Amino acid sequence: MEVDFIRKAAQPRLLHLRGLPEVMAMTDIPQNTDDSSELPKRSDPDSYEEKWYKHWVENGVFAPDPDRDAPRFSMVIPPPNVTGVLHMGHALNNTLQDILWRYHKLMGHDCLWVPGMDHAGIATQNVVEKQLMAQNMTRHDLGREKFVERVWEWKEQSGGTIKNQLKKIGVAVDWDRERFTMDEQCSLAVRTAFKQLFDDGLIYQASRIINWCPRCKTALSDIEVEYEDEDGAWYHIKYPVMGTDDFIEIATTRPETMLGDSAVAVNPDDERYMHLHGKKIMLPLVNREMPLITDEYVDRTFGTGALKVTPAHDPNDFELGQKHGLEQIVMMTDEGIITNDYPAYAGMDRFVCRKQIVKDLDAAGLLIKKEAYTHSVGHCYRCSVTIEPYISLQWFVDMKTLAAPALKAVAEGRTNFVPGRWTKVYNTWLENIRDWCISRQLWWGHRIPVWTCADCGKQSCDIEDVAKCQHCGSENIAQDPDVLDTWFSSGLWPLSTLGWPNQTKELAAYYPTSVLVTGFDIIFFWVARMMFFGMRFGVDAPFHDVFIHGLVRDETGKKMSKSLGNVMDPLDIVSQYGADALRFTFVSQGSMGQDVNVSDERFRSSRNFCNKLWNATRFILMCAPEPATVDITQLNPADLDIKDRWILSRAREITDSARTLMGNYDLNEAAQAIYQFIWHDFCDWYIEMAKAPLRGDDPGARAATETILHAVLRWSLSLLHPYMPFITEEIWSHLPGTQGIILDSGFPEVAFEQDAQAGNTIALLQDVARAVRDIRANLGAAPQEKIPALLRTDDPDKAKALNHLAEHIRTQAGVSDLALNADLDAATKYMSGLAMGVEVFVPVDEERTRQEIARLEKSMANARKDIEKVDKKLSSQGFLAKAPPEVVDKEKAKQAELLADIGKIEQRLAMLQNA
Ligand SMILES: [Zn+2]
Ligand SMILES: [Zn+2]
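So the sequence shown is numbered by our numbering: it starts at 19 and just counts up by one.
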């Protein structure tokens, strides 16, 4: 498929560039100016990205100053797992934070961004257990103390790879304040918070049904369970009623748990079972007598209306069992193996046992039927093994008490979600929250600071390790073996990183933090928990704003995953295109908080933007290496040419709107506005128009132009700096008259007012140029070819403006002879266009028109041939049935593209034929 006449714009259409930006490339740099700029010919990120990061860190640029009297801006990094390696999600998350940090720094605020890492309980323990496994060892061979030492060793040697990877994308974190959730300061916060909650009766220990991973052998909180639809079955079983020939039909999806049944329950008003009230049931296979109990809880309309009650293996049965004083019979071990209490099944895995039990029931004539059924089954989020509801003694946090103030803080607007739609997600979860199971049966983590006395049986809790029972003084005490859920320590992150429980200067200056930037997937895990801990232990909610962003997806909008093979490594992108290009791509599309689709084309496009800025700088430094002044305030707008007034007006407009947009987290909109301004207004138009006065013989005009070029370039760099910190810093360092780093330059202040008249006039110029370029494109004119043009207007103001701008129209639209309001020649054919009421005519020569029509017809024939092939494929049932969906999608995209091409060719043919 080749349609060669369509000149695709160099930049993606999403930025709505008008005209053809690459037509007027900056090739005509004056020949006899020698290269005194010291700016290399090409922008090479390798030569400056690392250099500047080192410079910033070594010069303490990222350090805050709590003593300075300035508005504060503070953030804590979402701590990546110590086992983590940088992926696109981290890169996006940290880029957004970095943009905000640099924006506020430019605004003159005192800025702090605290870095750190999470000890990641299960994940880290798994890494080291795997290493042991390779040596045929388990953690039990080492023992708890040695194992934990081993994990610390691993952490020192191999953990935290992600830290250095984050540096590559430029994060402005204060490394001197780096924290780790298991370091001394964070551990003190954990112990203190635990003790306060324990003393207040908000932490308690209870036997409950929890989510149990038989592989990791630990409890999991509700949100650590991932649900997936699986094929299962309802097994209908006969439970004989003793002393009768009757039976009760029970349906279950987990027949193996019948080994732990301690009753059958029916609704007291269910007429089907009234005659059986008071009878006993004989549990099949086990031959255990159990009561038939009645309870309003049983839903008569569901299934047979009779339930087997297994208090130790189902959360609802657990509650029913407590109410009726039923025995809690544990029928499997914590590894999911049937216990020795059942000789026929002892030692079997739970799923093997399920099959065996069904077989045995069938053999005994007790299996009524098996109905296939798809249901949602919980899996461990770490290892994917099926979760078992399991009774065990665990620690819980009373959530009702803690959730209320966290809800209130958001309701009262002390913390705002951006975008606001996430408020509802947060509220719904906290309003329906269940108590949080915080104990984990792991060795790596914060050990629960509770000691039980063997003599008096009471528990002691303290911040320091307890040596003697706080109740009877006995030394015969033992610490709880469990550790805390990892999210207990990360929930304290905004407090612990700033020094809490100590009342530090940092805590006073930077808490509450300004904003938390995070993905929506951890609103429950993390945001909500920081909120309720912050409300409990801090002076207020931990952040003013919570800025929620989307996911990074591939170019077709698919989630990146190993199985799809579409994962991109942010470090590869950095080495290929530079960190600035990676960063800019994240914000160059979509709107606030939406998912981001990335592709090589988009990264290339961002890199092109870097190159454009670089080339513009080289041009300015060659043509105006030493401007008489870089002090723009010396210029009086009344003395300036219209193009100068226009670019200054645009600069004012863009700095005002960028300041507001960035302050409101509209980082994408601000980026697009800045991009438009730099690429389109400044590079494509102003610099092109500046060539005339730079070459001209009016020293006043030349001096003013030089000053404006430098001023606008500096503003552009400052505006762009939060997005592209490296290239802007590098260019800044080459500009005459700049001192220090760009971050110290402040957010640009443009003192010139907006100038509507200049704006309208230049808009007319741009529209006329666009109209001529459209015709050029339709004629198939080569970029360097000049064509004549004729403009007509009855409006004297427009005529005057066009007259004044004639030279710019000629250069911008590649026009040889430009005539204004001349008569059309009746013997000549013209192609025409319209620009803000001005008629645009270009004479065409008939031979040329004929050639172009012939070429287009050939293209059309080729396109038709191609589309025929695609149509045929897409209507073939065989193809549709066999081809993978990506291939089908690709063919459909090809079809759409060809159709669009054919449409364009038809349009152009019509124009040429009517000319
Ligand atoms: Zn697991
Ligand atoms: Zn005691």
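Where is the CB? At the ideal position from N, CA and C, for every residue including glycine.
Nothing here was measured: the structure is a model prediction, and the numbers come from that model.
For residue i, the three-state DSSP class (helix, strand or coil)
| i | result |
| --- | --- |
| TYR444 | helix |
| SER617 | coil |
| LEU420 | helix |
| PHE897 | helix |
| GLY921 | helix |
| MET300 | strand |
| ALA324 | strand |
| ILE566 | strand |
| TRP511 | helix |
| CYS487 | coil |
| ILE561 | According to the sequence shown, residue 561 is Phe rather than Ile. Reduced to three states, the DSSP call for PHE561 is strand. |
Ligand 2 heavy atom lying under 7 Å from the CB of residue i
| i | result |
| --- | --- |
| LYS476 | yes |
| CYS204 | no |
| CYS471 | yes |
| CYS479 | no |
| HIS489 | yes |
| PHE532 | Just to set this straight, residue 532 is Ser in the shown sequence, not Phe. Incorrect: SER532 has no Cβ contact closer than 7 Å to ligand 2. |
| SER492 | yes |
Status (buried if at least 16 other CB within 10 Å, exposed otherwise) for residue i
| i | result |
| --- | --- |
| LEU411 | exposed |
| PRO48 | Summary for PRO48: the model assigns pLDDT 43, below 50, so the residue's position carries little reliability, and this model does not support an answer. |
| ASN358 | exposed |
| ASP919 | buried |
| TRP440 | buried |
| GLY714 | exposed |
| MET151 | exposed |
| ARG162 | exposed |
| LEU930 | buried |
| GLY583 | exposed |
| TRP544 | buried |
| LEU761 | buried |
Contact check, residue i vs residue j, beta carbons under 8 Å
| i | j | result |
| --- | --- | --- |
| TYR222 | ASP416 | yes |
| CYS628 | ILE745 | yes |
| ASN445 | LEU420 | no |
| LEU379 | ILE266 | no |
| THR312 | ASN285 | yes |
| LEU303 | VAL282 | no |
| CYS204 | SER514 | yes |
| PRO766 | THR673 | yes |
| GLU406 | GLY321 | no |
| TRP733 | SER61 | no |
| ILE759 | GLU748 | no |
| ARG663 | ALA776 | yes |
| PRO184 | LEU639 | Per the sequence shown, residue 184 should be read as Leu rather than Pro. Result no, Cβ atoms of LEU184 and LEU639 do not sit closer than 8 Å. |
| ILE180 | GLY102 | yes |
| SER402 | LEU344 | no |
| SER953 | PHE91 | Beyond the ends of the chain as shown, which are 19 and 933, falls residue 953; an answer cannot be given. |
| LEU114 | PRO82 | no |
| GLY832 | ILE793 | no |
| HIS535 | MET135 | According to the sequence shown, residue 535 is Val rather than His. No. |
| VAL862 | LEU797 | yes |
| GLY278 | ALA330 | yes |
| VAL208 | LEU502 | yes |
| ARG720 | LEU731 | no |
Residues that DSSP places opposite residue i in a beta bridge
| i | result |
| --- | --- |
| ILE311 | ALA283 |
| TYR363 | Paired residues: none, contrary to the question. |
| MET849 | VAL860 |
| VAL208 | VAL208 pairs with nothing; no bridge assigned. |
| MET93 | TRP131 |
| HIS254 | ALA269, LYS387 |
| ARG226 | SER410 |
| SER457 | LEU502 |
Near ligand 1: residue i beta-carbon under 7 Å from a heavy atom
| i | result |
| --- | --- |
| ARG233 | yes |
| VAL403 | yes |
| CYS628 | no |
| CYS398 | yes |
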